[in-house]
Every structure is written in C-alpha cells, then in structure tokens.
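Using numbering that gives the first Met the number 0, you'd call the opening residue of the sequence shown number 0 and step up by one each time.
Written below as structure tokens is the structure these notes are about.
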Amino acid sequence: MIRIYDTKSRTLGSPPASGQVRIYACGPTVYRDVHLGNLRSFLLPDLIRLALAAHDADSFIVQNITDVGHMADDSNLDTSDSTEDKMLKQAAAEKLSALEIARKYELGFFQDITALNIRTPDQTPRASETIESMINVIQKLMDKGFAYQGENGSVYFDATKYESYGAISGNTLEQLKPGHRLLDEIDETKRFHGDWALWKITDNRRSELTWQTPWGVGFPGWHIECTAMCLDAFGDQVDIHTGGIDLRFPHHENERAQSNAIVGKEVVGQWVHAEHLLFEGRKMSKSTNNVVLLRDVIDAGISPAAVRLAFLEHHYRQQLNLTWDTLVAAETTIARWSDSIVSDQYNHAISDQITEHLADNLDTPTAIMAIRGLEKSLAKSPKERSMMLNAASRMLGLDLAKPKLVIDDSVIKLVQEREIARANKDFNLSDQLRDQITTAGYWVNDTSSGPVIRRSIKLP
Ligand code: AMP
Ligand code: ZN
0 MIRIYDTKSR TLGSPPASGQ VRIYACGPTV YRDVHLGNLR SFLLPDLIRL
50 ALAAHDADSF IVQNITDVGH MADDSNLDTS DSTEDKMLKQ AAAEKLSALE
100 IARKYELGFF QDITALNIRT PDQTPRASET IESMINVIQK LMDKGFAYQG
150 ENGSVYFDAT KYESYGAISG NTLEQLKPGH RLLDEIDETK RFHGDWALWK
200 ITDNRRSELT WQTPWGVGFP GWHIECTAMC LDAFGDQVDI HTGGIDLRFP
250 HHENERAQSN AIVGKEVVGQ WVHAEHLLFE GRKMSKSTNN VVLLRDVIDA
300 GISPAAVRLA FLEHHYRQQL NLTWDTLVAA ETTIARWSDS IVSDQYNHAI
350 SDQITEHLAD NLDTPTAIMA IRGLEKSLAK SPKERSMMLN AASRMLGLDL
400 AKPKLVIDDS VIKLVQEREI ARANKDFNLS DQLRDQITTA GYWVNDTSSG
450 PVIRRSIKLP
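Pasting the structure below:
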C-alpha cells in the first residue's frame with residue numbers, strides 16, 4: 000500500500016488501491032524557460048507514477064499548460080486589471096505574439112522534462128484552448144450562487160459562500176485581512192477582499208488573449224483554469240493533485256473552493272506538494288538573478304541524470320539547497336554507476352526494497368542509500384551488483400543504460416593515439432595528447448578495463 004502525505008488532512012493517505020490512479024499536476028506558465036525549481040515540482044507526479052508502477056498500479060497524469068491569465072500578482076487582494084498578464088508582458092519584451100511565446104516555452108518545457116526522464120503526461124491541455132469549459136463552469140458557479148458579477152462586469156467567486164475555505168493552507172477568511180499596502184488598488188467592485196476574479200473584463204488596451212462571453216470581452220482568472228481543465232479531464236473525482244508548495248495558497252485553495260462548489264463534494268482525494276528548491280542558498284527567482292536552467296547545467300558538462308539524482312537524494316517534502324558542488328558530486332556518481340552497467344540484464348533482488356521506499360511517502364533518499372549500500376556489498380558478484388543497479392535505477396527513472404555522451408571522432412582518435420603512446424612508453428607524447436584532449440573539453444579516466452572518456456565539468 001502506497002502512502003503519500005496529504006497537505007489538506009496533514010496525514011499520510013493512500014490513493015485508491017484498484018483502478019487507474021488519476022493525477023492532476025499543475026503545469027508551467029509558459030512565458031519563460033522552466034528552471035530547476037520548477038523541474039523539481041514537475042518531477043513529483045513522475046515519482047508518484049513510479050511508486051504506483053512498482054506496485055503494478057496504473058496512473059493517468061494530466062498536466063496543464065497555463066498560457067493565459069496568470070497575472071504578475073494573483074493574490075486575492077489585488078485583482079485589478081492593472082497587474083500584467085505574464086504572457087503579454089513577455090510577448091511585448093520579445094516582440095512576438097502571446098501564442099508564439101506560449102508555444103516557444105511550452106516546447107522548452109517538454110524538452111526539459113524529457114531530458115530529466117520525466118515521462119510526458121498523458122494529457123497536457125492548454126488553458127487558451129479550454130475557454131469554453133471555463134465559461135461553462137463560471138456560469139454554473141453563478142447559477143449556484145457562488146459567483147457574482149461586479150459593477151465593472153468582471154465575475155468574482157464569493158469566498159464567504161464556501162464554508163471550508165482555507166482547509167489546505169490554514170489561511171481562513173478571518174485571517175485574510177486586506178493588505179494595507181494594496182488598499183488603494185483593491186477592486187471596489189468585489190464584495191469582500193478575499194473574493195477573486197473568475198472572469199476579468201478588459202478594455203481594448205489588451206489586444207491579445209481575450210474572448211467574448213455572456214459577461215463581456217475578457218479573459219479567465221488563473222485559478223478557474225485548473226478547475227475547468229481538471230474537471231474536463233477527470234469529471235468529479237481526482238485522486239491526487241500536485242504542485243509546488245507555493246501553490247497551496249491562493250491557487251489550490253481557490254481551485255478547491257471552485258471545483259467543490261460546482262461538483263457538490265470534495266473533488267480531490269489528496270493534495271501533494273513539493274517543497275521549494277534553493278540554489279546556492281538563495282531562492283530561485285528572476286528578481287534575485289538566481290535562475291538556473293537545465294541548459295546551464297548541461298553546458299557545464301553535468302548530465303540531466305545527475306540533476307535527477309540530486310533531486311532524488313532529497314525528500315520531496317524537504318527544502319533542497321542545490322549547489323554546484325552537489326551537482327558535480329551527483330555527476331561523479333552517475334558516471335560511476337553508468338560505467339558499472341555491463342549488460343542490459345536485470346536482477347530484481349533489490350526491487351522489493353526500492354518498492355517499499357517509494358511506497359513510504361516517496362522516500363527516494365533511502366532508496367538511493369540502498370543503491371549506495373549495494374555498491375559496497377561484497378556478498379554479491381560485480382555482475383550481480385551491476386544487474387541489480389540496472390533494476391533499481393530504472394525503478395527511479397535514472398536510466399543509466401542510455402547513451403549519454405556523444406564524443407567527437409577527433410577526440411576518440413586522440414585517445415586511441417594516446418593509448419598507443421602509453422603502450423610504447425612515450426610519456427611525452429602521451430602527456431601532449433592528454434593536453435589536447437583537455438583543450439577539446441574532455442578528460443580520460445584510465446581504468447583497469449581501459450580508458451573512459453568524460454566531458455570536463457566547467458562551472459559557470
Ligand atoms: P509556474 O510556471 O510559475 O506556474 O510554476 C510551475 C511550478 O513550479 C509550480 O508548481 C510552482 O509551485 C513550482 N515552483 C516554482 N518555483 C519553485 C522552486 N523554487 N522550487 C520548486 N518548485 C517551484
Ligand atoms: Zn494549477
């Protein structure tokens with residue numbers, strides 16, 4: 000039985016034991032490259048999938064693409080039109096249309112998750128293509144008395160009508176005081192400062208990403224997008240809903256209120272959140288100039304598998320302070336493990352252990368420790384160890400057997416010439432060749448079974 004921590008009940012719970020487990024994962028807002036922090040959160044549904052697969056259970060993952068409506072400030076306290084849509088802001092900066100920006104960064108998201116060996120979700124609905132469903136669910140909320148139209152035409156969710164508001168994050172409506180700093184900006188047409196916009200009416204200053212509705216021309220609020228896409232995909236029951244910890248409030252709180260109000264019962268079985276990633280001790284954000292992309296890591300000579308390993312070595316519910324040193328160490332481990340894979344055969348003697356750790360609230364650090372223990376175990380032959388490593392790493396999506404490094408022919412030739420020079424004991428020539436290999440961006444590890452070529456790591 001798999002147990003995963005549910006943020007709402009604050010206890011470990013289990014997804015249904017039979018049938019396909021339905022997972023909705025909050026996806027990227029596609030106005031910029033996803034960074035390592037985003038990727039840590041996107042790994043979470045993949046880990047749940049692997050934990051279920053280890054138990055022979057099937058899953059179906061839906062992850063949305065937000066390509067409209069995510070404002071620079073989505074707090075409940077400021078829904079005025081003065082905040083900018085992240086998509087439109089970037090479109091202006093890059094002199095592209097909003098949808099061109101969306102497709103560009105969406106592609107980058109798919110490339111990055113693929114490189115990290117995160118399986119592509121079964122469905123990836125786009126917000127901009129789900130507007131009709133959003134209009135339908137907003138209408139339902141109005142019909143049921145959970146939403147109202149303000150004087151400016153925008154439609155708001157009436158937070159006071161939803162009794163258990165705040166259950167996920169603990170931010171109850173009483174605690175939700177209007178922010179004094181924002182008082183001037185508070186939308187006068189909202190009945191209560193904790194209400195939020197479902198549909199925002201806009202004027203003709205906004206030239207893109209607007210749609211005609213019964214309430215006028217406008218665009219959706221971010222939170223209603225996930226309600227519409229989630230209900231579209233799964234109907235009235237979702238087993239697991241994932242996201243980064245920052246989405247607990249207001250995004251998931253608001254989504255829960257909307258979805259439950261429409262369906263008339265608790266829609267989501269378990270809310271699962273990944274803690275944040277820091278880099279070199281600091282928050283990963285544009286404003287602090289501390290954003291690291293997967294591309295930066297690959298450019299430094301570190302493989303995506305090493306990034307995945309570094310993530311797995313920390314529990315998803317713990318803040319992870321990633322550093323270049325951690326990534327270099329992970330790369331060394333991945334290289335060592337890859338080199339020790341001698342065949343594509345599997346020995347499943349370790350699989351039960353890995354299954355158990357994954358089932359224990361996705362305890363990947365202990366699973367990795369089990370692999371490290373296996374490496375040192377003298378009770379097994381090198382071949383057995385290699386086959387067990389094959390099995391364990393595959394269960395964690397590490398795929399060590401995949402070819403990772405494409406080496407230039409010219410470098411392979413230099414290494415071969417160096418082997419001949421060494422055999423002839425021409426150490427001067429051998430050293431010169433080593434220098435040339437280094438200049439080309441590689442280094443050679445002379446092992447008992449011959450030279451192993453590695454890309455040099457060059458940290459930024
Ligand atoms: P966004 O593209 O901004 O909508 O964010 C996509 C996902 O990344 C969300 O689930 C966020 O919670 C998550 N996220 C953002 N920053 C971080 C971070 N530093 N560490 C972990 N997850 C993050
Ligand atoms: Zn969402």
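Don't be surprised by glycine CBs; every beta carbon is placed ideally from N, CA and C.
Predicted, not measured: the structure shown is a model, and the values here were computed from it.
- Pairing VAL67 with GLN122 gives a Cβ-Cβ distance that is not under 8 Å.
- THR6 counts as buried, since no fewer than 16 other beta carbons sit within 10 angstroms of its beta carbon.
- Under the 10 Å beta carbon count, ASP343 is surrounded by fewer than 16 other beta carbons and is classified as exposed.
- For TYR104, the uninterrupted alpha helix (DSSP H) run begins and ends at 97-114, by DSSP.
- When only Cα atoms are considered, THR322 and GLY280 end up about 8 Å apart.
- Burial state of GLN174 is exposed, judged by a 10 Å Cβ sphere holding fewer than 16 other Cβ atoms.
- Sorting ASN63, ASP194, ALA50 by C-alpha distance to the C-alpha of ALA146 places ASP194 at the top.
- Apart from the 5 residues on each side of it in sequence, ARG316 sits with its Cβ closer than 7 Å to the Cβ of TYR4, GLU274 in its chain, given in chain order.
- Straight-line measurement puts the Cα of LEU361 at about 37 Å from the Cα of VAL443.
- The set of residues with any CB-heavy atom separation to the ligand ZN below 5 Å comprises, in chain order, CYS25, CYS225.
- Annotation for PHE310: the continuous alpha helix (DSSP H) segment containing it runs 303-311.
- No heavy atom of the ligand AMP is found nearer than 7 Å to the CB of LEU197.
- Excluding its 5 nearest sequence neighbours in each direction, LEU432 has C-beta neighbours in its own chain below 7 Å: LEU413, GLU416, ARG417, ALA420, listed in chain order.
- For VAL267, no alpha helix (DSSP H) run applies; the uninterrupted beta strand (DSSP E) run containing it begins and ends at 267-273, by DSSP.
- For GLY36, the three-state secondary structure derived from DSSP is helix.
- With a cut-off of 8 Å on Cβ pairs, the segment 12-31 is in contact with the segment 101-117, counting three or more such pairs.
- About 7 Å separates the beta carbon of ARG118 from that of ARG48, a gap short enough to meet the 8 Å contact definition.
- Annotation note: the segment 308-373 contains the following uninterrupted beta strand (DSSP E) runs of length 3 or greater, listed N- to C-terminal: 319-321.
- Put simply, the residues with a CB less than 5 Å from any heavy atom of the ligand AMP are CYS25, PRO27, THR28, GLY36, ASN37, ARG39, SER40, GLY242, GLY243, ASP245, LEU246, HIS275, LEU276, MET283, in chain order.
- Measuring C-alpha to C-alpha distances from ILE349 to each of ARG393, LEU308, ILE333 identifies ARG393 as the nearest.
- DSSP, reduced to helix, strand and coil, places VAL290 outside both helices and strands of the structure shown, so it counts as coil.
- In the structure shown, the three-state DSSP call for ASP238 is strand.
- Nearest to MET70 by C-alpha distance, out of SER58, ARG2, ASP84, is ASP84.
- The C-beta separation of GLU150 from THR188 comes to about 5 Å, placing the pair in contact by the 8 Å criterion.
- Judged by beta-carbon spacing, LEU395 lies beyond the 8 Å limit of ALA304, meaning their Cβ atoms are not closer than that value.
- Exclusion of the five residues before and after GLY144 leaves LYS160 as the residues of its chain whose Cβ lies within less than 7 Å of its Cβ.
- Sorting TRP270, GLY263, ILE452 by C-alpha distance to the C-alpha of SER409 places ILE452 at the top.
- The C-beta distance from ALA334 to LEU458 rounds to 16 Å, too long to meet the 8 Å contact threshold.
- For the pair of segments examined, the segment 53-60 was found not to touch the segment 254-268: the number of CB pairs separated by less than 8 Å stays below three.
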